[in-house]
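In the numbering used here, the protein residues as written are 37 to 292.
We put the CB at the ideal spot given by N, CA and C, even for glycine.
What you are looking at is a predicted structure, and each value in this text was computed from that prediction instead of being measured.
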DNA sequence: ATGGTGGCCCGGCCA
């Protein structure tokens, strides 16, 4: 089973590229982030025509997450559940091909002194609480998405550039470590240990062409998923050419 | 780089 995560930075602006990419890469499950669509505008029929069932949790102008699947799509849940709603559309769950899968768009944080940074840390803690309350780490579970955290300095083009900035701060990395202590593993790193492999490059200052990016898009899976990973890559081709997202897809294959 | 580019959609906000 091939599983991918991709922050598309507007599905309206990116639909043609996403359709082309689906035909080329042939993923079984795709977690999308930043669709920037209301649910009524989500192009479910375009995906159905390509063989994918889909669920979307959107709010319109900002955020928005989706899961596409051609291996079944059951028991969808939006966010942290009805009793404790998140005002922003950043998380959706579904069961696909026997794996409980979440598409997550972790808040950016903006800056260390911004209220949005505290929202980011609380959001990550709530994700951890949801896992602890509702999921069993002995099962096959994947939380894939844009974490807006570079796990280590090996995931950043220039750590000095991010001193006193978000994405590399100790509290953010501690929050990621809390997810790992529950039982999630950075599956990409199991097969790709070398440093300076990135999934996001700022549109500005020619960062992509200078190979100056960060690895902030992660496929976090439980041990039973990690044991089955046979292939992992970042599809840099999707960051090239006309009107790319600023993120590239991360792709994982797991054995049946 | 208190810049830069690109999404939202037309004045800023967000990344």
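Between the alpha carbons of residue i and residue j, how many angstroms are there, rounded?
i	j	result
residue 216	residue 244	29 Å
residue 184	residue 81	30 Å
residue 246	residue 237	9 Å
residue 271	residue 43	12 Å
residue 72	residue 96	5 Å
residue 83	residue 200	41 Å
residue 62	residue 288	12 Å
residue 174	residue 265	16 Å
residue 114	residue 137	12 Å
residue 76	residue 182	23 Å
residue 85	residue 256	29 Å
residue 66	residue 209	25 Å
residue 276	residue 60	15 Å
Does DSSP classify residue i as helix, strand or coil?
i	result
residue 148	coil
residue 205	coil
residue 37	coil
residue 245	coil
residue 303	The structure shown does not extend to residue 303, since the chain is modelled only from 37 to 292, so the question has no answer here.
residue 235	coil
residue 86	coil
residue 254	strand
residue 268	strand
residue 42	strand
Over the uninterrupted alpha helix (DSSP H) stretch that includes residue i, give me the two end residues.
i	result
residue 138	It is not in any alpha helix (DSSP H) - residue 138 instead sits in the beta strand (DSSP E) that spans 135 to 141.
residue 54	47 to 61
residue 223	223 to 227
residue 262	259 to 262
Name the two residues that bound the continuous beta strand (DSSP E) containing residue i.
i	result
residue 69	65 to 69
residue 104	101 to 105
Pull the bridge partners of residue i from the DSSP assignment, please.
i	result
residue 131	110 and 136
residue 179	138 and 256
residue 273	Looking at the DSSP assignment, residue 273 forms no beta bridge with any residue, so it has no partner.
residue 288	39 and 268
residue 91	103
message = Any contact between the segment 150 to 162 and the segment 192 to 200? By contact I mean 3 or more CB pairs, one from each, below 8 Å.
response = no
query = Would you say the segment 57 to 76 touches the segment 85 to 94, given that touching needs at least three Cβ pairs under 8 Å?
reply = yes
The segment 40 to 54 / the segment 267 to 286 touching (three or more Cβ pairs under 8 Å) = yes
key: Given 8 Å, three or more beta-carbon pairs between the segment 139 to 148 and the segment 96 to 105   = yes
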